[in-house]
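If you're matching them up, the sequences are chains A and B in order. Here the first sequence is numbered in UniProt numbering, starting from 1 and rising by one per residue. Here the second sequence is numbered in UniProt numbering, starting from 1 and rising by one per residue. Built from N, CA and C at the ideal position, the CB exists for glycine as well. Accompanying notes for the structure given below.
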Amino acid sequence: MRIPLVAPASGVALVLALAGCAPDAAAPARAAERFHAELAADRGDAACALLAPKTADRLPDPGQSCADALRELKLGPGGAVTEVRVWGDNAQVRLAGDTLFLHRFGDGWRVRAAGCEPVRDLPYDCEVED
Amino acid sequence: MVLRHGVVQTVKWIKENSLSLAFLVMFLLALGGQAVAGTLDLDDQQRAMGDQPISVWEYVTSSSFAVDVAENWQSEYLQFFLYIALTVWLVQKGSNESKAIEDAGAESDEEQRIGAHAAPDSPRWARASGPRLWLFGNSLGLVMGLIFLLSWAAQSVAGQAAYNSQRLADLRDPVTWSSYVTSPEFWNRSLQNWQSELLAVLSMVVLSIYLRQRGSPESKPVGAAHAATGVES
Numbered sequence: 001m002r003i004p005l006v007a008p009a010s011g012v013a014l015v016l017a018l019a020g021c022a023p024d025a026a027a028p029a030r031a032a033e034r035f036h037a038e039l040a041a042d043r044g045d046a047a048c049a050l051l052a053p054k055t056a057d058r059l060p061d062p063g064q065s066c067a068d069a070l071r072e073l074k075l076g077p078g079g080a081v082t083e084v085r086v087w088g089d090n091a092q093v094r095l096a097g098d099t100l101f102l103h104r105f106g107d108g109w110r111v112r113a114a115g116c117e118p119v120r121d122l123p124y125d126c127e128v129e130d
Numbered sequence: 001m002v003l004r005h006g007v008v009q010t011v012k013w014i015k016e017n018s019l020s021l022a023f024l025v026m027f028l029l030a031l032g033g034q035a036v037a038g039t040l041d042l043d044d045q046q047r048a049m050g051d052q053p054i055s056v057w058e059y060v061t062s063s064s065f066a067v068d069v070a071e072n073w074q075s076e077y078l079q080f081f082l083y084i085a086l087t088v089w090l091v092q093k094g095s096n097e098s099k100a101i102e103d104a105g106a107e108s109d110e111e112q113r114i115g116a117h118a119a120p121d122s123p124r125w126a127r128a129s130g131p132r133l134w135l136f137g138n139s140l141g142l143v144m145g146l147i148f149l150l151s152w153a154a155q156s157v158a159g160q161a162a163y164n165s166q167r168l169a170d171l172r173d174p175v176t177w178s179s180y181v182t183s184p185e186f187w188n189r190s191l192q193n194w195q196s197e198l199l200a201v202l203s204m205v206v207l208s209i210y211l212r213q214r215g216s217p218e219s220k221p222v223g224a225a226h227a228a229t230g231v232e233s
């Protein structure tokens with residue numbers, strides 16, 4: 001698990017570096033695990049409730065529900081958390097079977113993208129994204 | 001009577017420190033203004049993304065604010081460090097920012113009033129010898145240089161945090177600190193500040209040859225010759 005650490009170099013640096021303080025990596029990990037647990041239990045509506053608003057809006061085709069769209073994608077099992085990287089209000093959670101990107105909203109962490117595959121140094125190619 | 005004496009003393013103190021006080025007040029106002037304007041700017045971007053609004057406190061403790069502040073601080077302190085250090089050895093004929101051509105270098109103990117040549121009111125360390133005298137004799141440049149390095153280090157830490165947050169938002173892997181400090185983003189932030197500071201110093205050195213500001217110690221006396229160098233105003 002990699003969390004940004006800050007080595008304040010002085011009083012000035014300490015104040016400036018507050019921004020980089022180690023955030024809570026457990027919360028996005030829990031949100032990612034829960035998202036995959038809901039999918040595995042075929043609770044599409046509950047999984048959709050964990051998506052970021054824009055992601056949930058863009059996912060379904062016209063006339064389709066978010067839950068149906070998720071079911072159609074047939075995302076594989078998530079599995080155990082292998083790595084969490086949190087920077088500011090954004091996080092990347094690697095599970096054994098998936099990589100997810102999350103954003104912290106006022107009411108907690110939500111999934112912005114899931115079913116993601118790396119594409120060299122380009123943005124990940126994701127089955128679900130905003 | 002006592003109250004009046006206190007007021008007079010306060011006014012005298014303010015007058016004697018007016019330059020520092022004016023810059024301190026302007027600095028705090030500008031920093032506060034940056035915090036408010038930055039919050040409104042980020043808030044605008046957040047709303048466009050369907051995100052919740054952010055408070056001024058959230059913004060001033062964010063990596064975005066920290067990197068913006070630090071990158072400007074480091075370049076200002078670099079500018080003054082270079083200026084203090086280089087003007088010991090380098091001169092500019094005709095410039096008020098330069099000492100006389102023949103004075104280039106660290107100058108003699110007598111000219112610097114150190115050691116046996118120290119005056120009764122000289123600082124205690126000016127009468128010392130060895131490392132203490134060296135340290136005090138270079139303290140201005142050393143402190144400016146140290147603040148530059150600390151601010152630059154803070155920029156690298158806060159910059160990495162802001163950069164990685166954006167990379168995650170763009171669905172990309174975050175980078176390590178060593179990758180960040182060798183990245184175009186870090187050097188672009190640093191160099192764009194350095195070039196403007198260096199241009200400002202160059203302008204000051206050259207323009208003070210030909211232009212005057214009556215009453216300012218940063219200018220030669222209005223009637224001084226353009227070629228006059230190291231003139232006390």
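Cα atoms of ASN138/B and ALA106/B: separation of roughly 10 Å, rounded to the nearest angstrom.
With 16 or more other Cβ atoms from the protein chains shown falling within 10 Å of its own Cβ, LEU70/A counts as buried. Residue-level contact check: GLY108/A does not touch chain B, since none of the beta carbons of chain B fall below 8 Å from its beta carbon. For the pair GLY44/A and VAL69/B, the Cα-to-Cα distance works out to about 45 Å. A straight-line Cα-Cα distance of about 6 Å links ARG104/A and ASN90/A. When secondary structure is reduced to three states using DSSP, GLU127/A falls in the strand class. Taking the beta carbon of GLU129/A as reference, the chain B residues within 8 Å of it are LEU171, listed in sequence order. Under a 10 Å Cβ-count criterion, ILE14/B is classified as exposed, with fewer than 16 other Cβ atoms of the shown protein chains found around its own Cβ.
A residue is called buried once 16 or more other Cβ atoms fall within 10 Å of its Cβ, and ILE101/B, having fewer, is exposed.
Annotation: TRP134/B to SER203/B spans about 31 Å, alpha carbon to alpha carbon. For VAL111/A, there is no enclosing alpha helix (DSSP H); the residue is found in the beta strand (DSSP E) stretching over 108–119. Excluding five sequence positions before and after ALA40/A, the CB atoms of its chain that fall closer than 8 Å to its own CB belong to PRO77 and GLY78, given in chain order. The contact set of LYS54/A on chain B, defined by CB atoms closer than 9 Å, consists of MET49 and GLY50 in chain order.
In the three-state reduction of the DSSP assignment, GLU83/A falls in the strand class, which pools E and B. Among the residues facing chain B, ASP98/A is not included, as its CB has no counterpart in that chain under 8 Å away. For HIS226/B, the number of other beta carbons within 10 angstroms of its own is below 16, and it is reported as exposed.
For LEU150/B, the closest alpha carbon among the candidates PRO120/B, LEU78/B, GLU16/B and GLN9/B is that of LEU78/B. Around the beta-carbon of ASP130/A, 16 or more other beta-carbon atoms lie within 10 Å, marking it buried.
ALA113/A and LEU100/A do touch by the CB rule: their CB atoms are close to 7 Å apart, below 8 Å.
The three-state reading of DSSP puts VAL25/B in helix, counting H, G and I together. VAL93/A has VAL84/A and LEU100/A as its beta-bridge partners, per DSSP. Within a 10 Å sphere around the beta-carbon of ASP61/A sit fewer than 16 other beta-carbons, which makes this residue exposed. Secondary structure of LEU191/B (DSSP, three-state): helix.
GLY145/B is positioned such that its CB atom lies closer than 8 Å to that of PHE81/B. The shortest CA-to-CA distance from ALA228/B to any of LEU140/B, TYR210/B and GLU197/B is the one to TYR210/B. Our two residues, ILE54/B and GLY88/A, have alpha carbons roughly 13 Å apart in a direct line.
Looking at the DSSP output, LEU122/A sits in a beta bridge with VAL119/A. Here SER179/B is exposed: its Cβ has fewer than 16 other Cβ atoms, across all protein chains shown, within 10 Å. The beta carbon of LEU31/B does not come within 8 Å of any beta carbon belonging to chain A, so the residue lies off that interface.
Annotation: the continuous alpha helix (DSSP H) that includes HIS5/B extends over 2–16. The Cβ of ALA25/A sits no closer than 8 Å to any Cβ of chain B. Within 9 Å of the CB of ASN72/B, no CB atom of chain A is found; the nearest one sits about 11 Å away.
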